[in-house]
């Protein structure tokens, strides 16, 4: 295991969209297939951004929330790490934007 001295994880924040889509409402599947999807994955609904939002918008909101909740001085943040399965673009990485 790699160990890096002098670095610590101080806080974590996340942000998900307000809107949800439900698997029972999937338009391309019949009711039986929808139920199989729900039963096999355990996923009933998922958060979905609207057409004007992207991952970096959620990152910004998560950062604002984190600063408000912790009172941390933004100038004291040395590194931020973004983990996402839905980048804004293929390239450049959303963490670079």
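In the working numbering, the protein residues as written are 326 to 422.
Ideal Cβ positions, reconstructed from N, Cα and C, are used throughout, including at glycine.
As the structure is a prediction and not an experimental result, all values here were calculated from the model.
Range covered by the alpha helix (DSSP H) that runs through residue 358: Within the chain shown, residue 358 is the residue found at index 33, counting from 1. Residue 358 -> alpha helix (DSSP H) spans 356-366.
Local conformation of residue 335 per DSSP, three classes: Counting from 1 along the chain shown, the entry for residue 335 is found at position 10. Correct three-state label for residue 335: coil.
Buried versus exposed, by CB contacts within 10 Å (16 or more), residue 380: Taking the first residue of the chain shown as 1, we reach residue 380 at position 55. It counts as buried.
Less than 9 Å separating the beta-carbons of residue 384 and residue 416? Here residue 384 corresponds to residue number 59 of the chain shown, with the count starting at 1. Here residue 416 corresponds to residue number 91 of the chain shown, with the count starting at 1. Taking 9 Å as the Cβ cut-off, residue 384 and residue 416 do not qualify as a contacting pair.
Should the stretch 349-363 be regarded as contacting the stretch 387-399, the criterion being three or more beta carbon pairs within less than 8 Å? no
The beta strand (DSSP E) with residue 345 in it runs from where to where? For this step, residue 345 is matched to residue 20 along the chain shown. It spans 345-347 - the beta strand (DSSP E) in which residue 345 sits, taken as one unbroken run.
Three-state secondary structure (DSSP) at residue 399? The residue you call residue 399 lines up with position 74 of the chain shown. The DSSP-derived three-state label of residue 399 is helix.
Do you know how far the Cα of residue 346 is from the Cα of residue 420? Stepping through the chain shown from its first residue, residue 420 is reached at position 95. Stepping through the chain shown from its first residue, residue 346 is reached at position 21. Going from the Cα of residue 420 to the Cα of residue 346 covers about 26 Å.
Whether residue 349 touches residue 373 by CB criterion (9 Å): Position 24 of the chain shown, counted from the first residue, corresponds to residue 349. Position 48 of the chain shown, counted from the first residue, corresponds to residue 373. Going by C-beta atoms, residue 349 is not nearer than 9 Å to residue 373.
Suppose contacts are defined by Cβ-Cβ distances below 9 Å. Is residue 340 in contact with residue 410 by that definition? Residue mapping note: residue 340 aligns to position 15 of the chain shown, counting from 1. Residue mapping note: residue 410 aligns to position 85 of the chain shown, counting from 1. Not in contact: residue 340 and residue 410 (Cβ atoms no closer than 9 Å).
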